[in-house]
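**Student:** Submitted below is the structure of interest, expressed as structure tokens.
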Ligand SMILES: NC(=O)c1ccc[n+]([C@@H]2O[C@H](COP(=O)([O-])OP(=O)(O)OC[C@H]3O[C@@H](n4cnc5c(N)ncnc54)[C@H](OP(=O)(O)O)[C@@H]3O)[C@@H](O)[C@H]2O)c1
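Numbering (this note's numbering), first residue to last: 622 to 864.
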């Protein structure tokens, strides 16, 4: 039987305790990769690793890492192995119009999602032939007046990946840009608001459904396994940028 492209590859998912990161970790683990998931919360990481072990019968390593902490990130990667593929899904970006979102929250959002990915990119060691994949979001190309900053952060991440594709060559660097995906990101909304948001999206989007984490993980594994893909942004938004 042909072995998977990811068999025994060392894969790090930063943000792997939940949402898109957890789903990406499960997909790589199912393909035989040696996966490490990283985030701030040891208990969430442990639950996620046990779930992946139950789902796909694979052992996943966990490590606590806060990408907003310069010294923590540098210390972790100074002692970390060289990885084949690294994916950064971590980030927290409070939303709100630019005129009302407090500046301290705006700075914190940029510090988490943009500077967090930047810190990882400048410290991580990736083997030649390997890849780094960042996660942005479709607001980079289809801004909303209630989440101006998210669009700017996502556009900055996509530009960062294109520049890193040159600097880190021959390591490949790409971005996936999701639209609305049903993940734990939206668990801070109450049930009624979340259901309404999903129903609105189903009615508006050309694909007539909300995205699932697997829609995005398919693209992440495609970018990691496609040796000619670098500096790319893959948009997975159900047509939201058009509708
Ligand atoms: N879901 C969507 O609809 C959607 C749409 C467009 C773009 N995106 C983007 O996709 C990315 C992933 O979203 P998601 O839906 O997977 O979100 P999620 O379900 O909220 O998961 C976020 C993950 O990031 C980790 N994390 C947050 N801050 C961290 C930090 N400082 N250091 C390390 N880990 C940290 C969290 O783990 P701990 O709490 O354990 O630290 C968690 O594992 C985000 O950048 C988001 O903006 C999502």
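Where a beta carbon is used, it is the ideal one built from N, C-alpha and C, also for glycine.
Which partner residues does residue 754 have in the DSSP bridge list?
**Tutor:** Per DSSP, 708, 795.
**Student:** Is the segment 715-728 touching the segment 690-705, taking contact as three or more C-beta pairs under 8 Å?
**Tutor:** No, because fewer than three Cβ pairs between the segment 715-728 and the segment 690-705 fall closer than 8 Å, the two stretches do not touch.
**Student:** Going by the beta-carbon positions, is the gap between residue 710 and residue 635 smaller than 8 Å?
**Tutor:** Closer than 8 Å, so yes.
**Student:** Counting only the same chain and skipping the five closest in sequence on each side, list residues whose C-beta sits under 8 Å from that of residue 807.
**Tutor:** Once the five neighbours on either side are set aside, the close Cβ partners of residue 807 are 815, 818.
**Student:** Considering only heavy atoms of ligand 1, does any lie closer than 7 Å to the CB of residue 756?
**Tutor:** True, at least one ligand heavy atom lies under 7 Å from that Cβ.
**Student:** Evaluate residue 937 with the Cβ neighbour count: other Cβ atoms within 10 Å of its Cβ, from every protein chain shown; 16 or more gives buried, anything less gives exposed.
**Tutor:** Outside the displayed range of the chain (622 to 864) lies residue 937, so it cannot be described from this structure.
**Student:** Tell me which residues share the same chain as residue 695 and place their Cβ nearer than 6 Å to its Cβ, disregarding the 5 neighbours each side in the sequence.
**Tutor:** 744.
**Student:** DSSP on residue 673, reduced to helix/strand/coil?
**Tutor:** Three-state DSSP puts residue 673 in a helix.
**Student:** I'd like the list of long-range same chain contacts for residue 864, defined as Cβ closer than 8 Å, with 5 residues on each side in sequence excluded.
**Tutor:** The answer, listed in chain order, is 825, 826, 827.
**Student:** For residue 741, would you say it is in contact with chain B, using Cβ-to-Cβ distances shorter than 8 Å as the test?
**Tutor:** Considering every chain present, this structure includes no chain B. It has just one protein chain.
**Student:** Below 7 Å, is the gap between the Cβ of residue 799 and the nearest heavy atom of ligand 1?
**Tutor:** Correct: residue 799 has its Cβ closer than 7 Å to ligand 1.
**Student:** Report buried or exposed for residue 779, applying the criterion of at least 16 other Cβ atoms within 10 angstroms of its Cβ.
**Tutor:** Buried, by the Cβ-count rule.
**Student:** Who are the near neighbours of residue 761 in its chain, counting only those whose CB is closer than 7 Å to its CB and skipping five residues on each side?
**Tutor:** Here the set comprises 772, 775, 776, 779, 798.
**Student:** Can the beta-carbon of residue 842 be found less than 8 Å from the beta-carbon of residue 698?
**Tutor:** Contact flag unset, no.
**Student:** In the DSSP assignment, what are the bridge partners of residue 660?
**Tutor:** Note: residue 660 sits in a beta bridge opposite 685.
**Student:** Quick check on the burial criterion: 16 or more other C-beta atoms within 10 angstroms. Buried or exposed for residue 733?
**Tutor:** Buried, because 16 or more other Cβ atoms sit within 10 Å of the Cβ of residue 733.
**Student:** Assuming contact is defined by CB atoms lying nearer than 8 Å, are residue 837 and residue 802 in contact in what I supplied?
**Tutor:** Yes, these two residues count as a Cβ contact at 8 Å.
**Student:** Please list, in chain order, all residues of the same chain as residue 691 whose beta carbon is under 7 Å from its beta carbon, the five residues on each side excluded.
**Tutor:** Once the five neighbours on either side are set aside, the close Cβ partners of residue 691 are 740.
**Student:** Flag residue 686 as yes when its Cβ comes closer than 7 Å to any non-hydrogen atom of ligand 1, and as no otherwise.
**Tutor:** Checking the Cβ of residue 686 against ligand 1 gives yes.
**Student:** Can you find the residues in the same chain that come closer than 6 Å, C-beta to C-beta, to residue 622, ignoring five residues on each side of it along the sequence?
**Tutor:** A caution first: residue 622 carries a pLDDT of 45, below 50, which makes its placement in the model unreliable, though a value can still be read off. Taken in chain order, the list of residues that qualify is empty.
**Student:** Pull up the distance between the alpha-carbon of residue 794 and that of residue 813, whole angstroms please.
**Tutor:** If you take the alpha carbons of residue 794 and residue 813, they lie about 39 Å apart.
**Student:** If you run the structure through DSSP and keep just helix, strand and coil, what is residue 622?
**Tutor:** Since pLDDT at residue 622 reaches only 45, below the 50 mark, its modelled position is unreliable, and the value read off the structure follows with that caveat. Coil.
**Student:** By the three-class DSSP mapping on this structure, what secondary structure does residue 727 have?
**Tutor:** Looking at residue 727 - three-state DSSP - the assignment turns out to be helix.
**Student:** Per DSSP, residue 855 forms a beta bridge with which residues?
**Tutor:** Bridge partners of residue 855: 797.
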